[in-house]
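Here the sequence shown is numbered in this note's numbering, starting from 359 and rising by one per residue.
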Amino acid sequence: MLALFAYVGITPSHACTIGESVRIPLPLNSIDVSNADRLRIADAVIEAKKWPGVEIQAVVISGAYTKERSGELIKDKRAMGAVAYLKQLGIKNENIIVEKKTFTNDMVRKRDGTLDLYQIDIELAPLCRGGCQRLCDDPRVTPRSRAIQ
């Protein structure tokens, strides 16, 4: 197969997904992240800092369930806390994106009636000049998924 690619001047392409994520459930109406969850965030950032030659982008989804009081205010406070902590861990402010969401019953209520609710969701991804393809084959990086096209 590689001979065919070489013959026609096409190289096979590889794709992978590289990232770290932390989903944090909070008690209703709370903005306080537990020490255990702070450690999970720190561990994710430590793993992301192993990616060679890249900057780290953080997407913070800060949400509030419709049944929480002062939803807009609570989303703002959750976002501010997450952003402040990510900056303490060395993520550049310009690389942090915040999305605020309101979670409805349809979004978070499971069939058995319990809630599957994570009010803070942090996704870390590499920012690479010229693309991140080189990271897919780097032994220092563990892709979350890998596909060959």
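Even glycine gets a Cβ: it sits at the ideal position worked out from N, Cα and C.
All values reported here derive from a predicted model rather than from experimental measurement.
Span of the beta strand (DSSP E), counted from its first residue to its last, around residue i
i: L482; result: I478 to L485
i: V417; result: E413 to Y423
Inter-residue Cα distance where the pair is residue i and residue j
i: R487; j: T462; result: 38 Å
i: P385; j: W409; result: 33 Å
i: V380; j: D479; result: 6 Å
i: S388; j: K445; result: 21 Å
i: V412; j: D470; result: 43 Å
i: I449; j: T424; result: 30 Å
i: K459; j: A440; result: 15 Å
Endpoints, the alpha helix (DSSP H) within which residue i is located
i: I449; result: Segment: none, I449 is in no alpha helix (DSSP H) and carries neither H nor E.
i: I399; result: N393 to A406
i: R492; result: Q491 to C494
Buried versus exposed, by CB contacts within 10 Å (16 or more), residue i
i: S420; result: buried
i: R427; result: exposed
i: E378; result: buried
i: R436; result: buried
i: Q491; result: exposed
i: K433; result: buried
i: A406; result: buried
i: L431; result: exposed
i: L397; result: exposed
Residue i, DSSP secondary structure in three states
i: R436; result: helix
i: L473; result: strand
i: E426; result: coil
i: V441; result: helix
i: V499; result: coil
Proximity test, residue i beta-carbon vs the ligand GTP heavy atom, cut-off 8 Å
i: R487; result: With respect to the ligand GTP, the structure offers nothing, as it holds no ligand at all.
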